[in-house]
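> Residues 0 to 546 (numbering that gives the first Met the number 0) are what the sequence shown spells out, left to right.
Cβ coordinates follow ideal geometry from the N, Cα and C atoms, glycine included.
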Amino acid sequence: MSDSTKYIFVTGGVTSSLGKGIISASLAKLLQARGYSVTIQKLDPYINIDPGTLNPYEHGECYVTNDGAETDLDLGHYERFLNVTTSQANNVTTGRIYQSVIEKERKGEFLGKTVQVIPHITDEIKRRIQILAQSGEYDFVITEIGGTVGDIESLPYIEAVRQMLWEKRNECLVIHLTLIPFLSAAGELKTKPTQHSVKSMLEVGVQPDILVCRTEHPLDETIRRKVALFCNVEETSVIESIDVDTIYEVPILMQKEKLDTEVLRKLNLPNDGDPELKEWKEFLKRLKEPKSEVKVGLVGKYIELKDSYKSISESFYHAGAANECKVDLKWIHSAKINDENIEEKLGDLDAILVAPGFGSRGIEGKIEAVKFARENGIPFLGICLGMQVAVIEYARNVIGWHDAHTTEIEHETTKPVIDLMEEQKSIKNLGGTMRLGAYDCELKEGTKVSEAYKTELIQERHRHRYEFNNAFLKDFEYNGMIATGKNPKTGLVEVVEIPAHPWFVGAQFHPEYKSTVEKPHPLFIAFVAATIKHKEKLAKRRSEMSK
Ligand code: GLN
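Spelled out as structure tokens, the structure:
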């Protein structure tokens with residue numbers, strides 16, 4: 000640990016979606032692999048207090064941390080790359096900044112002064128950036144500024160960065176991520192958008208130290224020299240970030256481009272040896288050279304935007320690599336499934352996952368998907384709403400309670416098998432009021448989950464208001480669906496299983512938030528293993544039948 004924390008700011012220009020989160024996480028990984036302790040923070044320029052109230056179509060998945068913060072999905076990348084947990088302090092929005100400033104104003108803490116964007120909002124931004132350094136735990140705080148330079152809403156953040164660069168002269172660094180587009184008509188890479196975007200930074204007083212240039216084609220010496228000259232950066236500070244097949248290759252790519260050594264050099268830190276990335280490279284090898292392949296259906300209602308299920312798809316990559324198996328995800332829209340087309344939609348799958356979600360759209364399709372998996376012995380994992388629909392399906396089609404439902408959707412049901420949690424009944428505000436974050440769960444011995452986790456007590460993250468209604472637990476257990484994981488304090492059902500099925504697990508919690516490259520999630524590993532087994536069994540049966 001160094002005496003003073005270094006601050007690295009990552010900004011973006013030209014367009015959004017260039018992958019600032021992945022570049023930040025990759026740099027953090029390289030620094031971590033050199034023995035430094037690093038944390039990453041995302042500053043989001045929107046007015047919502049957090050993304051918890053946002054529709055996934057707006058911003059993709061809402062990621063949940065152990066401490067129950069509803070955060071930007073980039074925090075998921077940070078945890079998956081670094082294998083360290085993040086918290087509320089790692090994600091701050093404009094809404095939250097203004098909320099604290101306004102609360103202080105109401106308390107009279109500004110002593111009669113006019114409260115303004117500069118200095119009050121920028122001071123609050125700087126405070127939030129530096130909070131992470133206060134523990135003295137981190138050598139580096141990497142702060143990713145959401146949005147694109149030039150956006151009105153990003154201005155206070157860039158101004159806060161400018162002030163920090165001035166106040167902590169040798170301890171800060173700015174990395175600007177831009178795009179070098181290829182014009183196929185001209186057959187050329189074009190640097191002008193990058194020049195303009197650096198000019199926008201200069202207009203607000205910030206000179207980037209390093210440029211990371213996203214490109215579809217390699218940058219030759221001439222282009223690098225041109226970018227360096229027009230953007231006032233050294234040639235060695237023009238870093239190429241070429242498109243790759245998987246985000247997990249980016250740290251290796253950044254190492255080849257010497258992003259980490261450039262950062263260390265500019266911050267006057269020693270650069271001794273190469274980062275230790277042995278395990279990372281082994282993971283990549285397993286990911287890229289699988290020995291088998293399975294097809295898993297991801298049934299959800301936001302599948303037009305794959306980012307809505309980011310942590311789930313990443314968990315499959317991790318667990319696939321752990322099983323040396325390629326998981327081919329087939330994205331299936333739950334609203335388009337019905338009992339007539341079910342075979343056509345799900346018939347080619349080796350396993351089915353029903354995703355989390357809210358509200359009624361697509362719910363009957365999800366129930367059909369569960370029925371198909373249950374009746375055909377197809378490995379099944381239901382997450383949160385996916386678990387809740389598994390319970391509803393069992394109640395309707397096995398126990399025979401035809402109007403069984405969740406009260407989230409049907410208040411008048413005579414069998415509210417999923418019902419609002421007691422603690423939720425008096426809640427009026429929707430923002431930040433779900434059951435959020437990590438809770439203990441005790442697993443029953445001799446079950447699929449205890450086999451997967453190889454331990455009795457686990458902690459998993461939650462994000463829901465409704466729960467399994469314990470008034471019906473006896474009926475379920477009598478009929479063959481059992482609770483195999485429970486919260487030891489409250490008795491809330493966290494996991495259900497059907498022991499007579501080859502592999503059928505519904506989890507009220509979200510295992511996907513805890514899967515990392517270094518520690519693929521045990522439940523996903525077991526699910527993929529069961530899928531491989533199921534596929535092999537089917538193939539064997541088919542070949543025996545054809546003999
Ligand atoms: N809508 C359900 C609830 O609030 C499930 C939530 C989820 O899938 N994350 O309980």
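(1) Considering only residues of the same chain and omitting the five flanking positions on each side of residue 549, which have a CB-CB separation below 8 Å?
(2) Sort out for me which residues DSSP pairs residue 458 with in a bridge.
(3) For residue 129, report the span of its alpha helix (DSSP H) as first-last.
(4) Work out the CA separation of residue 263 and residue 22 for me, nearest whole Å.
(5) Excluding five sequence neighbours on each side, which residues of the same chain lie with their C-beta closer than 7 Å to the C-beta of residue 156?
(6) To which residues of the same chain is residue 361 closer than 6 Å at the C-beta, ignoring the five residues directly before and after it?
(7) Among 354, 346, 345, whose alpha-carbon lies nearest the alpha-carbon of residue 309?
(8) Please report the distance separating the alpha-carbon of residue 372 from that of residue 250.
(9) Rounded to whole angstroms, what is the Cα-Cα separation between residue 480 and residue 459?
(10) Does the distance from the C-beta atom of residue 370 to that of residue 396 stay below 7 Å?
(11) Say yes only if the C-beta of residue 384 is nearer than 6 Å to one or more non-hydrogen atoms of ligand 1, and no if none qualify.
(12) Do residue 314 and residue 535 have their C-beta atoms within less than 7 Å of each other?
(13) Can you tell me which of the three DSSP states residue 151 falls into?
(14) Just to confirm my understanding: we take residue 1, look at its own chain, exclude 5 residues before and 5 after, and list those with CB closer than 7 Å. What are they?
(15) Find out if the Cβ-Cβ distance for the pair residue 159, residue 121 is shorter than 7 Å.
(16) Closer than 6 Å to a non-hydrogen atom of ligand 3 - does that hold for the CB of residue 75?
(17) Would you call the stretch 253 to 270 in contact with the stretch 286 to 306, where contact means no fewer than 3 C-beta pairs closer than 8 Å?
(18) Please confirm if the stretch 111 to 121 is in contact with the stretch 54 to 73, defined as three or more CB-CB distances below 8 Å between the two stretches.
(19) By how many angstroms is the C-alpha of residue 128 removed from the C-alpha of residue 170?
(20) Look up residue 514 in the DSSP assignment and say whether it is helix, strand or coil.
(21) When burial is assigned at 16 or more other CB atoms within 10 Å of the CB, is residue 204 buried or exposed?
(22) Counting Cβ pairs closer than 8 Å, one from the stretch 316 to 328 and one from the stretch 512 to 529, do we hit at least three?
(23) Taking only three categories from DSSP, how would you classify residue 79?
(24) Would you report the Cα separation of residue 147 and residue 178, rounded to the nearest angstrom?
Reading from the atomic positions:
(1) The chain is shown only over 0 to 546; residue 549 falls outside these bounds and no answer can be derived.
(2) Translated into the one-based positions of the sequence shown, residue 458 becomes position 459. Looking at the DSSP assignment, residue 458 forms a beta bridge with 439.
(3) Taking the first residue of the sequence shown as 1, we reach residue 129 at position 130. Its alpha helix (DSSP H) spans residues 121 to 130.
(4) Locating residue 22 in the sequence shown gives position 23, counting from the first residue. Locating residue 263 in the sequence shown gives position 264, counting from the first residue. Rounded to whole angstroms, residue 22 to residue 263 spans 16 Å at the Cα level.
(5) As a working mapping, residue 156 is identified with position 157 in the sequence shown. Short of 7 Å from the beta carbon of residue 156, and not among the five residues preceding or following it, lie these beta carbons of its own chain, in chain order: 42, 44, 124, 144.
(6) As a first step, residue 361 is located in the sequence shown; it is residue number 362 there, counting from the start. Closer than 6 Å at the Cβ level, and outside the excluded window around residue 361, lie 300, 333, 334.
(7) Along the sequence shown, one-based indexing puts residue 309 at 310. The shortest Cα separation from residue 309 among 354, 346, 345 belongs to 354.
(8) The residue labelled residue 372 in the question sits at position 373 within the sequence shown. The residue labelled residue 250 in the question sits at position 251 within the sequence shown. Going from the Cα of residue 372 to the Cα of residue 250 covers about 38 Å.
(9) On the sequence shown, residue 480 is found 481 positions in, with the first residue counted as 1. On the sequence shown, residue 459 is found 460 positions in, with the first residue counted as 1. Residue 480 and residue 459: Cα-Cα distance of roughly 22 Å.
(10) Reading the sequence shown from its first residue, position 371 is the one you call residue 370. Reading the sequence shown from its first residue, position 397 is the one you call residue 396. Yes, these two residues count as a Cβ contact at 7 Å.
(11) Reading the sequence shown from its first residue, position 385 is the one you call residue 384. Yes, the Cβ of residue 384 comes within 6 Å of a heavy atom of ligand 1.
(12) Walking along the sequence shown from the start, residue 314 turns up at place 315. Walking along the sequence shown from the start, residue 535 turns up at place 536. Not closer than 7 Å, so no.
(13) Taking the first residue of the sequence shown as position 1, residue 151 is located at position 152. Residue state, collapsed to three classes: helix.
(14) Taking the first residue of the sequence shown as 1, we reach residue 1 at position 2. Note on residue 1: pLDDT 46, under 50, position unreliable in the model; the coordinate value appears next. The residues are 138.
(15) Numbered from its first residue, the sequence shown carries residue 159 at position 160. Numbered from its first residue, the sequence shown carries residue 121 at position 122. Yes; because the gap between Cβ atoms is below 7 Å, this pair is in contact.
(16) In the structure shown, ligand 3 is absent; the only ligands present are ligand 1.
(17) no
(18) No, the stretch 111 to 121 does not touch the stretch 54 to 73.
(19) Locating residue 170 in the sequence shown gives position 171, counting from the first residue. Locating residue 128 in the sequence shown gives position 129, counting from the first residue. When rounded, the distance between both Cα atoms is 13 Å.
(20) Your numbering for residue 514 matches position 515 in the sequence shown. Three-state DSSP puts residue 514 in coil, outside helix and strand.
(21) On the sequence shown, residue 204 is found 205 positions in, with the first residue counted as 1. Counting of Cβ neighbours within 10 angstroms places residue 204 among the exposed residues, the total staying below 16.
(22) yes
(23) One-based indexing of the sequence shown puts residue 79 at position 80. In the structure shown, residue 79 sits in a helix (DSSP, three-state: H, G or I).
(24) Taking the first residue of the sequence shown as 1, we reach residue 147 at position 148. Taking the first residue of the sequence shown as 1, we reach residue 178 at position 179. Cα atoms of residue 147 and residue 178: separation of roughly 12 Å, rounded to the nearest angstrom.
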